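Visitor: Protein sequences, first through last, are from chains A, B and C. With positions in the first sequence counted from 1, the corresponding number in my numbering is that position plus 232. With positions in the second sequence counted from 1, the corresponding number in my numbering is that position plus 255. With positions in the third sequence counted from 1, the corresponding number in my numbering is that position plus 14. We treat Cβ as the ideally placed atom computed from N, Cα and C, and that holds for glycine. The model shown is predicted, which means the values in this text are computed figures rather than measured ones.
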Amino acid sequence: MAGRRAVKRQGSNTKAGTASPGAQAEAMVLLPADCRIAAQAALKDQFSAVADAKVVVLNGGEVERVDTAFLQLLMLFRRELDGRGGSLSWGGASDVLTEGACLLGLTQVLDLPAAKLA
Amino acid sequence: MAKILAVDDSASMRGMVAFTLRGAGHEVFEAENGELGLDAARATAYDLVLADVNMPVMDGISMVRGLRAMGAYKGVPILMLTTESHTEKKMEGKAAGATGWLVKPFDPEQLLATVKRVLG
Amino acid sequence: MSAVDLTQFHKTFFEESHEGLDAMESALLALDAGSIDTELVHTIFRSAHSIKGGAATFGFADVAAFTHVAESLLEEVRSERRAVDPQLVDMLLRSVDCLRVMLRRSSAGQPVADAESDALRAELLRLVSGEVEAASPPTTDTVSAVSGWKIDFSALPHLLQTGNDPLRLFRELQQLGRLEVVRVFLVEGTPATLADVDPAQCYMGWELHLHAAVARADIDAVFDWLDGDCVLDVSPLPTAEAPAQDTPVQATDTTAAPQADVAAQAVVAGATDTPVQVVRETPAASAETSSIRVDIDKIDGLINMMGELVITQSMLSEIGENFQLSQLAILREGLAQLERNTRELQESVMRIRMLPIGSIFNRFPRLVRDLERKLDKRVKLELHGEHTELDKTVLEKIGDPLVHLVRNAIDHGLESPSRRKAVGKSETGTLKLNAYHEGSNIVVQISDDGAGLNRDAITAKALQNGLIGAGQNLSDAEVADLIFQPGFSTAAHATDLSGRGVGMDVVRRNVRDLGGSVSVRSVSGKGSTFTIALPLTLAIVDGLVTAVGGERYIVPLISIVESLRLTASAVRKVAGGGEVFHFRDAYLPIMRLHRSFACNEAVTEVERGIVVVVEEDGRRVGLLVDDLLGQQQAVVKSLEAHYRRVQGISGATILSDGSVALIVDVGGVVHMGRQSKVA
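(1) Identify which residue in Leu419(C), Asp179(C) and Cys216(C) has its Cα closest to the Cα of Leu447(C).
(2) With contact counted as at least three CB pairs below 8 Å, one residue from each stretch, are the region 622–637 of chain C and the region 537–557 of chain C in contact?
(3) Thinking C-beta only, is Gly293(A) closer than 7 Å to Ser326(A)?
(4) Can the beta-carbon of Gly636(C) be found closer than 7 Å to that of Ile663(C)?
(5) Comparing C-alpha positions only, which one of Met364(C), Ala69(C) and Ser328(C) sits nearest to Ile313(C)?
(6) Name the chain C residues that come within less than 7 Å of Met271(B), Cβ to Cβ?
(7) Can you tell me the Cα-Cα spacing of Ile424(C) and Leu43(C), whole angstroms?
(8) How would you call Ile325(C), buried or exposed, if buried means at least 16 neighbouring beta carbons within 10 angstroms?
(9) Considering only their Cβ atoms, is the gap separating Gly289(B) from Met335(B) smaller than 7 Å?
(10) Taking 6 Å as the limit between beta carbons, can you name the residues of its chain near Pro570(C), skipping five residues before and five after?
(11) Taking the straight line between their C-alpha atoms, what separation do you get for Thr342(B) and Lys349(B)?
(12) So with Cβ pairs under 7 Å, would you call Val319(B) a contact of chain C?
(13) Taking Cβ to Cβ, would you say Val288(A) is nearer than 7 Å to Ala257(A)?
(14) Cβ of Gly466(C) within 7 Å of Cβ of Lys540(C)?
(15) Please compile the residues from chain B whose C-beta is within a distance smaller than 7 Å of the C-beta of Asp299(A).
(16) Can you tell which of Asn524(C), Asp527(C), Val458(C) and Ala474(C) has the C-alpha that lies nearest to the C-alpha of Phe502(C)?
(17) Take Val248(C) as the anchor and find which of Asp241(C), Trp239(C) and Leu222(C) has the nearest alpha-carbon.
(18) For Glu90(C) and Ala69(C), what's the separation of their Cα atoms in angstroms?
(19) Please report the straight-line C-alpha distance between Asp76(C) and Asp132(C), rounded to a whole angstrom.
(20) Assess contact between the region 596–612 of chain C and the region 518–527 of chain C, defined as three or more Cβ pairs (one per stretch) separated by less than 8 Å. Is contact present?
(21) Straight-line CA distance for Thr275(B) to Thr442(C)?
(22) May I ask which residues mark the beginning and end of the alpha helix (DSSP H) holding Glu353(C)?
(23) For Asp111(C), which option in Val211(C), Glu39(C) and Ser168(C) has the closest C-alpha, if you only look at C-alpha atoms?
(24) Which residues mark the beginning and the end of the alpha helix (DSSP H) in which Thr618(C) is found?
(25) Kindly list, in the order they appear in chain B, the residues whose Cβ is closer than 9 Å to that of Ala214(C).
(26) What is the residue span of the alpha helix (DSSP H) that Thr330(A) lies within?
(27) Which of the three DSSP states is assigned to Tyr567(C) in this structure?
(28) Identify the residues that DSSP records as bridge partners of Leu222(C): which are they?
(29) Pull up the distance between the alpha-carbon of Met319(C) and that of Thr356(C), whole angstroms please.
(30) Apart from the five residues on each side of it in sequence, which residues of its chain come closer than 6 Å, Cβ to Cβ, to Arg269(B)?
(31) Does the beta carbon of Gly326(B) sit closer than 7 Å to a beta carbon anywhere in chain C?
(32) Any contact between the region 221–238 of chain C and the region 156–176 of chain C? By contact I mean 3 or more CB pairs, one from each, below 8 Å.
(33) For Phe393(C), I'd like the list of residues in its chain whose CB is within less than 8 Å of its CB, leaving aside the five on either flank, ordered along the chain.
(34) Let me see if you follow: with CB-CB separation under 7 Å, is Asn288(B) close to chain C or not?
(35) Can you name the residues of chain D whose CB is closer than 8 Å to the CB of Phe184(C)?
(36) With Leu352(C) and Ile456(C) assumed to form a contact (beta carbons below 8 Å), what rounded beta-carbon distance in angstroms separates them?
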């Protein structure tokens with residue numbers, strides 16, 4: 233359900249066929265509105281597909297619902313990127329997202345801006 | 256405002272639960288046994304399921320097991336409506352995948368507080 | 015006090031509780047017969063459990079307390095810690111009775127528990143092993159001196175699949191005070207690569223500091239659903255932190271307070287509007303508004319018919335738009351269709367009120383069982399035609415007369431086992447209840463294979479009571495009819511049962527009130543059959559419209575034997591001022607309706623009016639009316655509800671011309687005739 237529009241790759245490196253590590257300089261993932269547990273399998277696939285990029289930009293501006301499963305997946309993705317020499321940056325983060333991350337103590341781990349409400 | 260499925264064979268309990276939750280702005284669907292509850296859950300994605308334990312045709316425990324077997328209900332909160340005299344039922348419910356329970360008798364405020372608690 | 019008005023659910027609660035008790039009773043009786051069926055035990059348990067839950071929820075504490083004990087006992091049966099024996103079944107049946115009374119009192123707003131229910135409850139309590147009383151809620155520890163709590167919390171992998179979410183838990187903790195995440199970590203055994211991660215599993219752990227002077231129990235309450243889903247360790251924070259947290263606690267308090275307020279407002283705003291209206295609509299006292307459960311098929315049928323009616327209506331209005339004489343045939347066709355639709359709709363609407371008689375029949379296994387024990391008789395009960403449908407009002411009112419007839423059949427009809435054996439019958443008597451449709455009537459028969467009516471005893475008693483004169487030669491039917499006379503009883507000494515103050519005369523009166531009749535056929539030594547004939551529905555009567563003076567009276571078609579014009583010579587005066595005429599080998603009395611109802615300007619000469627021969631309970635009389643105006647289906651309106659009870663009149667209706675007509679209560683009129691004859 234997180235589906236079709238969630239993965240957008242920028243620039244000329246959009247072909248999935250460029251399989252060699254590091255071929256993608258930057259990839260962007262648009263996070264869906266509902267990022268709760270039922271969406272995790274699809275999100276994991278999307279994260280796995282871009283795990284070799286140098287920089288992964290997550291756009292979480294439209295995120296309306298989060299849960300621990302999702303924030304945990306972000307944390308594990310971050311760990312994966314670190315291990316492969318990539319990095320994570322944010323192209324947008326909704327209040328729900330930053331607040332959830334703050335509550336679980338993941339603001340720093342995920343390099344998110346501090347939550348306004350927490 | 257959430258979509259809530261209320262499953263109980265007692266029409267008065269169901270009525271009370273549904274009325275209270277609707278009053279708080281939720282959308283409530285009622286089912287009178289576990290089997291009908293599962294049917295309803297298959298047709299619509301609910302944000303919360305409230306399930307009585309003792310019901311004819313299919314009891315609440317079996318229904319919870321059935322719900323958790325559906326991909327769409329993996330993390331959806333399911334509360335058992337139970338009585339304090341049945342701690343072993345609570346544990347059985349938990350083992351089946353229930354989120355928690357609401358101990359009967361409860362009044363509308365307790366119901367709303369608990370629902371608010373799980374829906375966040 | 016609750017913002018939601020719970021009284022609106024009381025009626026449903028009482029209804030379903032009575033249904034539950036019925037189910038419990040049937041299951042108990044089935045258990046008694048020796049079958050230890052776990053499904054039956056579950057049914058019994060479930061009923062008690064539901065009643066208890068509902069009673070507690072809706073504030074019927076006495077009912078809840080009583081059922082709680084019964085349920086505990088049943089729990090022992092269900093978990094096979096207690097065997098089912100006749101004493102237990104007996105006690106549980108008595109509990110069912112007791113609960114029925116308690117529920118009835120609850121619904122009437124009367125005090126519920128009494129010495130009897132308390133005694134039975136104590137009896138049940140004695141039987142239950144172990145503690146029964148609900149464990150009192152854990153005493154909340156007084157807020158300890160701690161300034162805050164250190165919470166070590168790590169999830170077990172399946173945590174998220176229970177629908178519990180640490181995010182939600184932390185939010186709840188935040189409500190208690192300032193929550194500081196000191197450390198977040200992945201638990202040991204977390205897969206090393208993303209590829210191996212199962213995103214539905216939880217691999218996280220936290221060390222939290224909750225800066226709030228709350229009780230340990232408050233924290234436990236947050237985690238109370240997570241037993242077995244996490245590893246949790248809660249310990250007081252070292253007091254060294256104390257000076258630091260004064261301010262934050264206060265700060266969080268102020269942020270938490272408005273939130274709580276918002277929640278409370280939401281509850282109030284969401285709930286008050288409607289219930290207040292509901293309260294206003296319901297009369298203050300617990301006036302019993304009865305409701306009915308309708309089969310969805312019946313509703314669907316109605317909706318279909320309504321659709322057809324709409325089609326017919328639109329067709330007719332189209333014709334009416336610019337009508338030409340050439341369309342007359344179509345118009346007639348349309349009107350015929352309208353008539354058909356209306357009739358079908360009427361029938362369907364009436365069917366809504368129809369309920370199966372089974373709900374009454376179901377009382378009898380229990381009653382028979384109790385009577386067998388009390389009277390030392392052996393009875394095989396046969397029920398037939400339970401699905402026969404009856405008007406709801408009729409159904410509610412026929413229960414007591416039927417109970418009386420069944421009691422009577424077992425008490426007076428069926429012989430003792432030894433006596434039966436002596437006359438060559440099987441020791442077990444048979445009592446048969448049968449219900450079926452016959453024309454526009456429902457017939458309910460209660461037959462036994464007992465001794466039959468004792469002709470000699472009945473005539474002797476009637477003679478003694480002055481109901482008949484000496485030497486009067488009575489037909490079998492007339493003898494049988496005597497037992498329905500007020501005050502008649504043949505039992506040598508009043509048994510516990512017949513001592514309840516209801517005689518056969520009351521049975522007949524109750525049945526008559528419903529527009530029905532009761533009769534008995536009996537063969538000496540072979541048994542008796544009581545037959546109750548009831549109208550299918552109370553609300554509609556097929557009637558003959560008659561004129562008496564300036565008034566219209568409707569005589570129910572069902573009672574009419576024939577209408578005829580008499581010549582003056584056919585009428586004979588008898589001693590005492592009565593008039594009779596010869597009709598089919600019998601002399602029938604003439605009842606002048608204008609006299610009975612004091613109508614002016616009516617036809618007084620018999621030969622100028624019309625005599626309508628009516629029959630009720632085997633008695634015939636001729637009613638003198640001015641004229642017959644036609645047949646009509648009349649919708650019966652209660653006269654009692656709008657005016658008062660009038661002897662000889664069963665109700666009123668509105669005729670097609672808008673005028674009001676009274677419906678003749680044939681039984682009542684026949685009775686009036688007899689009274690005036692005696693006088």
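Guide: In terms of the structure at hand:
(1) As a working note, residue 447(C) is residue 433 in the third sequence. Comparing C-alpha distances from Leu447(C) to each of Leu419(C), Asp179(C) and Cys216(C) shows the shortest one belongs to Leu419(C).
(2) Cβ pair count under 8 Å is below three, so no.
(3) Counting from 1 along the first sequence, the entry for residue 326(A) is found at position 94. Counting from 1 along the first sequence, the entry for residue 293(A) is found at position 61. Yes; because the gap between Cβ atoms is below 7 Å, this pair is in contact.
(4) In the third sequence, counting from the first residue as 1, residue 636(C) sits at position 622. In the third sequence, counting from the first residue as 1, residue 663(C) sits at position 649. Not closer than 7 Å, so no.
(5) As a first step, residue 313(C) must be located in the third sequence, where it is residue number 299. Out of Met364(C), Ala69(C) and Ser328(C), Met364(C) has the C-alpha closest to the C-alpha of Ile313(C).
(6) The sequence position of residue 271(B) within the second sequence is 16, counting from 1. Simply Leu20, Phe23 and Thr71.
(7) Taking the third sequence and counting its residues from 1, the one referred to as residue 424(C) is at position 410. Taking the third sequence and counting its residues from 1, the one referred to as residue 43(C) is at position 29. Looking at the two C-alpha atoms, the distance is approximately 19 Å.
(8) Here residue 325(C) refers to the residue found at position 311 when the third sequence is read from its first residue. Exposed: under 16 other Cβ atoms inside 10 Å.
(9) Start at 1 with the first residue of the second sequence, and residue 335(B) comes out as number 80. Start at 1 with the first residue of the second sequence, and residue 289(B) comes out as number 34. No, they are not a contact pair.
(10) Walking along the third sequence from the start, residue 570(C) turns up at place 556. If we look at Pro570(C) and ignore the five residues flanking it on each side, its Cβ neighbours are Val555 and Gly557.
(11) Translated into the one-based positions of the second sequence, residue 342(B) becomes position 87. Translated into the one-based positions of the second sequence, residue 349(B) becomes position 94. So the two alpha carbons sit approximately 11 Å from each other.
(12) Translated into the one-based positions of the second sequence, residue 319(B) becomes position 64. By this cut-off, Val319(B) is not an interface position.
(13) If you number the first sequence from 1, residue 288(A) lands on position 56. If you number the first sequence from 1, residue 257(A) lands on position 25. Contact: no.
(14) Start at 1 with the first residue of the third sequence, and residue 466(C) comes out as number 452. Start at 1 with the first residue of the third sequence, and residue 540(C) comes out as number 526. Yes, they are a contact pair.
(15) Numbered from its first residue, the first sequence carries residue 299(A) at position 67. Per Cβ cutoff of 7 Å: Gly330.
(16) Here residue 502(C) is taken as the residue at index 488 of the third sequence, counted from 1. Cα-wise, what sits closest to Phe502(C) is Ala474(C).
(17) The sequence position of residue 248(C) within the third sequence is 234, counting from 1. Looking at Asp241(C), Trp239(C) and Leu222(C), the one whose alpha-carbon comes closest to that of Val248(C) is Leu222(C).
(18) On the third sequence, residue 90(C) is found 76 positions in, with the first residue counted as 1. On the third sequence, residue 69(C) is found 55 positions in, with the first residue counted as 1. In a straight line, the C-alpha of Glu90(C) is about 21 Å away from that of Ala69(C).
(19) Residue mapping note: residue 76(C) aligns to position 62 of the third sequence, counting from 1. Residue mapping note: residue 132(C) aligns to position 118 of the third sequence, counting from 1. When rounded, the distance between both Cα atoms is 9 Å.
(20) no
(21) Walking along the second sequence from the start, residue 275(B) turns up at place 20. Walking along the third sequence from the start, residue 442(C) turns up at place 428. Each residue's Cα considered, the two are about 55 Å apart.
(22) In the third sequence, residue 353(C) corresponds to position 339, counting from 1. Element bounds for Glu353(C): Leu342 to Ile366.
(23) The sequence position of residue 111(C) within the third sequence is 97, counting from 1. Ranked by how close their Cα comes to the Cα of Asp111(C), the residues Val211(C), Glu39(C) and Ser168(C) have Glu39(C) in first place.
(24) In the third sequence, residue 618(C) corresponds to position 604, counting from 1. Per DSSP, Thr618(C) is not a residue of any alpha helix (DSSP H), being assigned neither H nor E.
(25) For the purposes of this step, residue 214(C) is taken as the residue at position 200 of the third sequence. Those are Lys329 and Gly330, listed as they occur along chain B.
(26) Residue numbering aside, residue 330(A) sits at position 98 when the first sequence is read from its first letter. Counting along the chain, the alpha helix (DSSP H) containing Thr330(A) begins and ends at Asp327 to Leu335.
(27) Against the third sequence, residue 567(C) aligns to sequence position 553. Looking at Tyr567(C) - three-state DSSP - the assignment turns out to be strand.
(28) What you label residue 222(C) is simply residue 208 of the third sequence in a count that begins at 1. In DSSP, Leu222(C) forms a bridge with Ile165(C) and Val195(C).
(29) Your numbering for residue 319(C) matches position 305 in the third sequence. Your numbering for residue 356(C) matches position 342 in the third sequence. Their Cα atoms are separated by approximately 9 Å.
(30) By 1-based counting over the second sequence, the position of residue 269(B) is 14. Around Arg269(B): Ala261, Asp263 and Glu285.
(31) Walking along the second sequence from the start, residue 326(B) turns up at place 71. By this cut-off, Gly326(B) is not an interface position.
(32) yes
(33) Residue mapping note: residue 393(C) aligns to position 379 of the third sequence, counting from 1. The sequence shown places Val at residue 393(C), not Phe. The residues are Val382, Leu385, Glu386, Ile424, Leu428, Thr442, Gly443, Thr444 and Leu445.
(34) Your numbering for residue 288(B) matches position 33 in the second sequence. No - not a single Cβ of chain C is within 7 Å of the one on Asn288(B).
(35) No chain D is present in this structure, whose protein chains are A, B and C.
(36) In the third sequence, the residue the question calls residue 352(C) occupies position 338. In the third sequence, the residue the question calls residue 456(C) occupies position 442. Rounded, the Cβ-Cβ distance is 30 Å, inconsistent with contact.
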